[in-house]
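Student: First the structure, which I've put down as structure tokens, then a few questions once you've had a look.
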Amino acid sequence: MKREIKKQNQVSSIVVGGGFGGIATALRLRALGHKVTLLERLSCLGGRAQVFKKNGFKHDAGPTVITAPFLFDELFELFDEKREDYVEFKPLDPWYRFHFH
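Here the sequence shown is numbered in the working numbering, starting from 268 and rising by one per residue.
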């Protein structure tokens, strides 16, 4: 059963920035019953965690490794949902590698 969002004395909040932090903040406020407006200057959410195309090539604009996946699980749980029903995280092996030239 989905959690009921509190609506009495509803507070309006504005979150500026649609990266991981802004999205997480907006979700937490919404779970507390706030009416939330999320503002993002780009055409899609994600902040630095985006992929964009330029001159026929795909570029990662930010992190490709999520070091705290449990934080994503926590956000989904605020709404009685499971992250794995929507997003699959794939473990990397090796997790990272350094190259010195």
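Note that CB positions come from ideal geometry on N, CA and C, so glycine has one too.
Taking V283 as the reference, which of E341, E307, L342 and F319 has the closest Cα?
Tutor: E307
Student: Please state the DSSP three-state secondary structure of F287.
Tutor: helix
Student: For F339, which of helix, strand or coil comes out of DSSP?
Tutor: helix
Student: With DSSP as the reference, label L345 as helix, strand or coil.
Tutor: The answer is coil: DSSP assigns L345 none of H, G, I, E or B.
Student: Using the Cα positions of E348 and K320, report the straight-line distance between them to the nearest angstrom.
Tutor: 32 Å
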